[in-house]
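For the sequence shown, my numbering assigns the number 394 to the last residue and increments by one with no breaks.
Quick notes on the structure that follows.
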Amino acid sequence: MATPHPALFLSRVERRYIQGDATLEILRGADLAVWPGEIVALIAPSGTGKSTLLHTAGLLERPDGGEVYVASQPTVALDDGGRTRLRRLEIGFVYQFHHLLADFSAQENVVLPQLIRGLPRREAERRAGELLSFLGLGERLHHRPAELSGGEQQRVAIARAVANAPRVLLADEPTGNLDPKTADHVFSTLIALVRASRLAAVIATHNLDLAARMDRCVTIRDGIIVPLD
Ligand code: ADP
Ligand code: MG
């Protein structure tokens, strides 16, 4: 049997920002392995580097040191085109704001990334319908974002993030804008989706009740990732 590999593996990741005369050392050798089907909660105070970590893991930013493996593939040496292709295939992102396209329906918002990847429209529409139904939006396929509630918009954003069946899902405070009850519901559907599709997920959140429902919790301390008990 093949040795199992983490879907996402950060090894000694460093990230710093130059700010005038000062250098901000945000990540100083952060390690994190996330396995298929595993949900990791990332809980740390504002400004400690959660978004930096997610952007680096999601190949949106290049680390200043260390390596990011996505589906066992090292990514630091890839050129921008290679990083973009890998990101499109293997990584889904959910932000605090839904960033859905206002002029398109829920279904079209989930269809578009699949068309960009080259899937036939009919197949993309079928998958979009299935995903949105799984997330409880079967009756909302043709609504535009403005015709949806905040929780519904976030569920469409989740469906869009996983439209191309990535191995890794990264979410940056995905329920930060929602009331507690809606946040709880969005989280439940997110967790069910991660389990059903064996995604590896990292979710930055401030909500400790929701974090307790994930497989493990980590934080960022002095630029490295440590378990949070
Ligand atoms: P968090 O998501 O945990 O709130 P961030 O990762 O957004 O934290 O930011 C961590 C720190 O890095 C903050 O102090 C922030 O000001 C700084 N920072 C983030 N991005 C940049 C950037 N592009 N240039 C300079 N500083 C940045
Ligand atoms: Mg942030």
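Ideal Cβ positions, reconstructed from N, Cα and C, are used throughout, including at glycine.
Counterpart residues of residue i in DSSP-defined beta bridges
| i | result |
| --- | --- |
| isoleucine 385 | Ile390 |
| phenylalanine 258 | Leu335 |
| isoleucine 183 | Thr188 |
Check: residue i C-beta below 6 Å from any heavy atom of the ligand MG
| i | result |
| --- | --- |
| lysine 215 | yes |
The ligand ADP heavy atom lying under 6 Å from the CB of residue i
| i | result |
| --- | --- |
| glycine 283 | no |
| serine 389 | Residue 389 is actually isoleucine in this sequence, not serine. No, the Cβ of isoleucine 389 stays beyond 6 Å of every heavy atom of the ligand ADP. |
| isoleucine 256 | no |
| glutamine 121 | In the structure displayed, the chain extends from 166 to 394; residue 121 sits before or after that span and is not available. |
| tyrosine 182 | yes |
| serine 176 | no |
7 Å Cβ cutoff met for residue i and residue j
| i | j | result |
| --- | --- | --- |
| threonine 217 | isoleucine 191 | yes |
| glycine 327 | glycine 257 | It should be noted that the sequence gives valine, not glycine, for residue 327. In this structure, glycine 257 lies closer than 7 Å to valine 327 by Cβ. |
| arginine 248 | leucine 219 | no |
| leucine 393 | threonine 384 | yes |
| alanine 377 | tryptophan 200 | no |
| leucine 207 | valine 351 | no |
Buried versus exposed, by CB contacts within 10 Å (16 or more), residue i
| i | result |
| --- | --- |
| arginine 363 | exposed |
| threonine 188 | exposed |
| lysine 215 | buried |
Own chain partners of residue i with C-beta closer than 8 Å, once the 5 adjacent residues on each side are dropped
| i | result |
| --- | --- |
| serine 176 | Asp196, Gly231, Glu232, Val233 and Tyr234 |
| leucine 306 | Ser270, Ala271, Gln272, Ala293, Gly294 and Leu297 |
Same chain, Cβ closer than 7 Å to residue i, five either side skipped, listed in chain order
| i | result |
| --- | --- |
| phenylalanine 174 | Ala198 and Tyr234 |
6 Å CB neighbourhood of residue i in its chain, flanking five on each side removed
| i | result |
| --- | --- |
| arginine 227 | none |
| proline 331 | Glu255, Ile256 and Gly257 |
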